[in-house]
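In what follows, a structure is listed as structure tokens, so that the remarks can point back to it.
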Amino acid sequence: TTFQDGGEEVEEGAVYNVTLKKVQIQQAANKGARWLGGEGDQLPPEHTVRQYETSKIRAIKAGTLEKLVENLLTAFGDADFSYISIFLSTYRAFASTKAVLELLLDRFGNLETLSHGEVANLNSFESEIILRAEIASVLRAWLDQCSEDFREPPDHTCLLKLLDYLKNNMPNSDMESKVQNLLKQFQNQEAETVDGFCSTSSSDVADGEELQICNPEEFSSFQDHVVAEQLTYMDVMLFKKVVPYHCLGSIWSQRDKKENKNLAPTVRATITQFNAVTKCVVSTILSTKELKIQQRAKIIEKWIHIAHECRILKNFSSLRAIISALQSNSIYRLKMTWMCVSKDILLMYEELSEIFSDHDNYLTSRELLMKEATSKFANLDSSEKENQKKSQKRLQLQKNKGVMQGTVPYLGTFLTDLIMLDTALQDYVEGGLINFEKRRREFEVIAQIKLLQSSCNSYCLIPDQKFIEWFQRQQHLTEEESYKLSREVEAAADTHVLSPKSQKSMVKRISTLFLGTDVITPPKEQPPKSSPLGGSSGESTDSASVSSCEFNHSETEDVCMTPISTPDDPLKKVQLGPQCHHELAVGGSDKCSILDKAGGSDSGSVSDKGSSSMPCISSKVLPAYNRQSGGACIIRVSMNGINDSVYKSILITNQDRIPDVTQRALLKHNMEPDAVEDYELVQVISEDKELVFPRDANVFYGMNSHVNFNFILRKKA
Numbered sequence: 001t002t003f004q005d006g007g008e009e010v011e012e013g014a015v016y017n018v019t020l021k022k023v024q025i026q027q028a029a030n031k032g033a034r035w036l037g038g039e040g041d042q043l044p045p046e047h048t049v050r051q052y053e054t055s056k057i058r059a060i061k062a063g064t065l066e067k068l069v070e071n072l073l074t075a076f077g078d079a080d081f082s083y084i085s086i087f088l089s090t091y092r093a094f095a096s097t098k099a100v101l102e103l104l105l106d107r108f109g110n111l112e113t114l115s116h117g118e119v120a121n122l123n124s125f126e127s128e129i130i131l132r133a134e135i136a137s138v139l140r141a142w143l144d145q146c147s148e149d150f151r152e153p154p155d156h157t158c159l160l161k162l163l164d165y166l167k168n169n170m171p172n173s174d175m176e177s178k179v180q181n182l183l184k185q186f187q188n189q190e191a192e193t194v195d196g197f198c199s200t201s202s203s204d205v206a207d208g209e210e211l212q213i214c215n216p217e218e219f220s221s222f223q224d225h226v227v228a229e230q231l232t233y234m235d236v237m238l239f240k241k242v243v244p245y246h247c248l249g250s251i252w253s254q255r256d257k258k259e260n261k262n263l264a265p266t267v268r269a270t271i272t273q274f275n276a277v278t279k280c281v282v283s284t285i286l287s288t289k290e291l292k293i294q295q296r297a298k299i300i301e302k303w304i305h306i307a308h309e310c311r312i313l314k315n316f317s318s319l320r321a322i323i324s325a326l327q328s329n330s331i332y333r334l335k336m337t338w339m340c341v342s343k344d345i346l347l348m349y350e351e352l353s354e355i356f357s358d359h360d361n362y363l364t365s366r367e368l369l370m371k372e373a374t375s376k377f378a379n380l381d382s383s384e385k386e387n388q389k390k391s392q393k394r395l396q397l398q399k400n401k402g403v404m405q406g407t408v409p410y411l412g413t414f415l416t417d418l419i420m421l422d423t424a425l426q427d428y429v430e431g432g433l434i435n436f437e438k439r440r441r442e443f444e445v446i447a448q449i450k451l452l453q454s455s456c457n458s459y460c461l462i463p464d465q466k467f468i469e470w471f472q473r474q475q476h477l478t479e480e481e482s483y484k485l486s487r488e489v490e491a492a493a494d495t496h497v498l499s500p501k502s503q504k505s506m507v508k509r510i511s512t513l514f515l516g517t518d519v520i521t522p523p524k525e526q527p528p529k530s531s532p533l534g535g536s537s538g539e540s541t542d543s544a545s546v547s548s549c550e551f552n553h554s555e556t557e558d559v560c561m562t563p564i565s566t567p568d569d570p571l572k573k574v575q576l577g578p579q580c581h582h583e584l585a586v587g588g589s590d591k592c593s594i595l596d597k598a599g600g601s602d603s604g605s606v607s608d609k610g611s612s613s614m615p616c617i618s619s620k621v622l623p624a625y626n627r628q629s630g631g632a633c634i635i636r637v638s639m640n641g642i643n644d645s646v647y648k649s650i651l652i653t654n655q656d657r658i659p660d661v662t663q664r665a666l667l668k669h670n671m672e673p674d675a676v677e678d679y680e681l682v683q684v685i686s687e688d689k690e691l692v693f694p695r696d697a698n699v700f701y702g703m704n705s706h707v708n709f710n711f712i713l714r715k716k717a
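Under full-length UniProt numbering, the residue at position 205 of the sequence shown is numbered 205, and the numbers go up by one with no gaps.
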């Protein structure tokens with residue numbers, strides 16, 4: 001089979017991409033078949049007569065909403081077999097459920113005849129039957145794939161409209177029963193609040209039950225694999241509930257507006273859980289000041305072991321949360337405590353940290369996720385023999401249970417990719433047509449999320465109420481509190497039992513392990529910023545930031561995420577912002593950028609299609625952060641004096657001047673766009689240098705392309 005580009009076809013209100021598919025057909029010449037040695041109509045390959053058949057595949061590229069809905073009924077005839085799934089997964093970015101349902105039922109559902117190809121020449125009765133079958137097929141797919149679209153408490157208007165249509169046109173059908181059951185299910189769940197999506201998060205503490213400071217003995221009583229399994233259980237329950245369209249960049253990027261405080265609750269729930277895990281790690285290490293250095297080191301070792309167990313379970317969400325917490329400023333600076341962590345454990349920690357290295361747009365974690373997305377078990381490979389032996393032993397125990405494992409991803413990866421796609425690609429093309437090519441690209445990411453959600457059904461985990469209750473009761477420290485405790489703990493450790501000789505040997509051991517022959521020189525301590533590490537238990541953590549390729553830890557747009565350490569400096573200082581979750585979720589247009597500083601591909605690498613793999617979205621090169629390409633690039637702009645840690649990703653071209661970029665940045669930050677003249681745009685060159693742009697300067701050509709593309713919008717003096 002070969003494919004050939006057939007160009008474009010333009011109709012009123014729609015543009016189609018045409019592909020010619022050429023298929024080879026083998027046929028035998030009946031005459032003389034027996035004489036040539038064939039049986040019946042079959043011929044030997046060398047005597048086969050080859051014929052080719054060419055068919056046309058039409059895929060809509062752009063169109064009006066009416067044309068896109070009409071294409072739901074004709075897509076199979078045009079051989080665009082994935083169109084229905086793509087439309088249903090992405091239409092919320094440009095239309096409402098009500099608008100699509102009205103077009104489908106009121107306009108096309110009432111037509112007596114159809115004007116398209118195979119139905120046009122049939123009589124009215126046959127056309128009506130075919131039309132009804134096509135609409136039924138679309139509705140069935142809609143209910144199966146995106147039933148959450150019809151959740152509109154308390155009235156459920158769209159679902160009632162659909163039920164009325166089915167009663168009149170398809171009475172007593174299976175679909176009518178399904179809609180009735182779905183309506184009852186929604187009505188029974190109306191009493192649940194948005195917090196119902198995060199029933200296992202730390203915010204849901206039983207009434208009258210107070211938060212408590214972590215008891216090290218109680219925490220130590222939980223076995224490492226039990227903690228990892230329970231964290232995985234909570235992550236799985238939340239990830240399976242994620243509504244894919246909530247992750248779309250055009251939707252997720254609007255979550256900061258006051259009227260959207262309840263937007264995308266399923267995504268917010270995963271972020272809240274991620275942050276809860278990170279804060280739990282910090283609080284267990286710091287909350288008890290009376291601990292000896294060795295005891296505190298044992299807690300760090302325990303969390304590293306738990307992270308390793310999460311790796312075996314293929315739970316990349318909690319794995320990243322734990323690593324982020326251990327790399328936070330308040331934990332990193334515990335130099336004396338880290339000196340007491342054993343060499344083997346430090347090596348394990350280094351290897352786990354390398355999974356989330358930001359090198360080449362987090363390529364390592366992306367490739368690992370693609371490799372293990374649908375595999376039965378984790379593929380563990382440790383460079384340290386002792387760790388590899390332990391890993392294989394634990395993995396073998398998992399295999400002996402005979403239960404396959406799913407994969408819990410770091411959702412920030414996908415959130416970042418979707419926000420970057422939304423930033424880089426236009427919503428509408430010439431003529432005001434909806435750019436459906438953009439939706440096809442977004443669906444390639446959405447399809448990965450759905451595939452991983454399906455794989456999570458393989459987990460067979462039983463909740464441990466004792467641990468879950470303990471986890472929910474933990475009192476979380478703010479960033480100021482954790483930093484203060486960290487200083488007190490370290491000050492006490494300086495006067496503790498370690499002799500100068502033992503301190504010297506430990507420093508030498510760690511420095512040799514991580515930095516060759518150099519001695520670790522801790523960076524100058526900086527007091528924490530006013531933003532809380534995670535806030536008190538009552539504070540919202542919905543806007544956790546997401547790092548660039550997965551979520552940009554070092555420069556998230558919503559929250560200051562923890563940068564992942566590099567192999568050269570595993571204990572690199574990092575800031576753990578108020579939200580520790582998806583760096584990706586906030587990227588692009590709202591809080592986190594999808595690309596790392598190295599300027600990887602904008603959409604992030606995704607595996608090629610094939611067995612046990614996910615679709616690829618890297619076939620086209622889009623503008624990337626920290627890289628000018630094709631006359632365009634993506635910059636990050638923060639508002640001076642409002643929230644310096646929150647970045648918005650802006651796509652600029654070589655035609656954009658200061659007023660245009662300033663206006664777009666103000667809109668992104670939900671500021672009044674008419675105030676352009678009151679602001680100036682500044683590029684941050686270094687800590688003590690900046691580039692201030694003249695009023696009508698061309699940003700693309702005027703910017704310094706050899707440093708990070710970080711800009712500040714501030715009021716003129």
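Cβ atoms here follow ideal geometry from the backbone N, Cα and C, with glycine treated the same way. Since the model is a prediction, treat every value here as computed from it, not as a measurement.
In the DSSP assignment, find the beta strand (DSSP E) that holds residue i and state where it starts and stops.
{"i": "Lys-715", "result": "710-715"}
{"i": "Asn-169", "result": "Asn-169 -> not in any beta strand (DSSP E); alpha helix (DSSP H) instead, spanning 157-169."}
{"i": "Leu-477", "result": "Where Leu-477 is concerned, there is no enclosing beta strand (DSSP E), given that its DSSP letter is neither H nor E."}
{"i": "Leu-103", "result": "Run containing Leu-103: none; DSSP gives neither H nor E here."}
Taking DSSP as the reference, what is the three-state secondary structure of residue i?
{"i": "Met-703", "result": "coil"}
{"i": "Val-10", "result": "strand"}
{"i": "Tyr-428", "result": "strand"}
{"i": "Gly-516", "result": "Low confidence applies here, because Gly-516 scores a pLDDT of 43, under 50, leaving its location unreliable and the question unanswered by this model."}
{"i": "Gly-109", "result": "helix"}
{"i": "Gln-180", "result": "helix"}
{"i": "His-359", "result": "coil"}
{"i": "Glu-190", "result": "coil"}
{"i": "Gly-63", "result": "strand"}
{"i": "Tyr-233", "result": "helix"}
{"i": "Tyr-91", "result": "helix"}
{"i": "Ile-462", "result": "coil"}
{"i": "Val-341", "result": "coil"}
Please list the terminal residues of the continuous alpha helix (DSSP H) segment that includes residue i.
{"i": "Asp-678", "result": "Asp-678 -> no alpha helix (DSSP H), and no H or E assigned at all."}
{"i": "residue 718", "result": "The structure shown does not extend to residue 718, since the chain is modelled only from 1 to 717, so the question has no answer here."}
{"i": "Lys-689", "result": "Where Lys-689 is concerned, there is no enclosing alpha helix (DSSP H), although the beta strand (DSSP E) it sits in stretches over 689-692."}
{"i": "Asn-260", "result": "Counting along the chain, Asn-260 falls outside any alpha helix (DSSP H), and DSSP gives it neither H nor E."}
Is any non-hydrogen atom of the ligand ADP found closer than 7 angstroms to the C-beta of residue i, if you look at the structure I gave you?
{"i": "Glu-479", "result": "The model depicted lacks the ligand ADP and carries no ligand whatsoever."}
Cutting at 8 angstroms between CB atoms, please list the residues of its own chain near residue i, excluding the five before and the five after it.
{"i": "Val-138", "result": "Leu-72, Leu-73, Ile-84, Leu-104"}
{"i": "Lys-289", "result": "Leu-485, Glu-488, Val-489, Ala-492"}
{"i": "Leu-65", "result": "Phe-94, Ala-95, Ala-99, Val-100, Leu-103, Ile-434"}
Beta-carbon within less than 7 angstroms of residue i's beta-carbon, same chain only, minus the 5 sequence neighbours each way: which residues are those?
{"i": "Met-170", "result": "Ala-136, Glu-176"}
{"i": "Pro-154", "result": "Glu-190"}
{"i": "Leu-291", "result": "Pro-216"}
{"i": "Ser-454", "result": "none"}
{"i": "His-305", "result": "Asp-224"}
Excluding the five sequence neighbours on either side, which residues of its own chain have a C-beta within less than 6 angstroms of the C-beta of residue i, listed in chain order?
{"i": "Gln-294", "result": "Cys-340"}
{"i": "Ala-325", "result": "Thr-278, Val-281, Val-282"}
{"i": "His-706", "result": "none"}
{"i": "Phe-150", "result": "Cys-158, Leu-159"}
{"i": "Lys-689", "result": "none"}
For residue i versus residue j, is the C-beta spacing smaller than 8 angstroms?
{"i": "Leu-713", "j": "Asn-626", "result": "no"}
{"i": "Thr-266", "j": "Val-242", "result": "yes"}
{"i": "Ala-93", "j": "Leu-248", "result": "yes"}
{"i": "Val-699", "j": "Phe-693", "result": "yes"}
{"i": "Phe-108", "j": "Glu-148", "result": "no"}
{"i": "Ala-307", "j": "Ile-322", "result": "yes"}
{"i": "Phe-239", "j": "Thr-272", "result": "no"}
{"i": "Ala-632", "j": "Ile-652", "result": "yes"}
{"i": "Ala-14", "j": "Ile-57", "result": "no"}
{"i": "Pro-673", "j": "Leu-681", "result": "no"}
Based on DSSP bridge pairs, tell me the residues matched to residue i.
{"i": "Thr-653", "result": "Ala-632"}
{"i": "Asp-5", "result": "Thr-19"}
{"i": "Asn-315", "result": "Val-408"}
{"i": "Glu-53", "result": "Val-23"}
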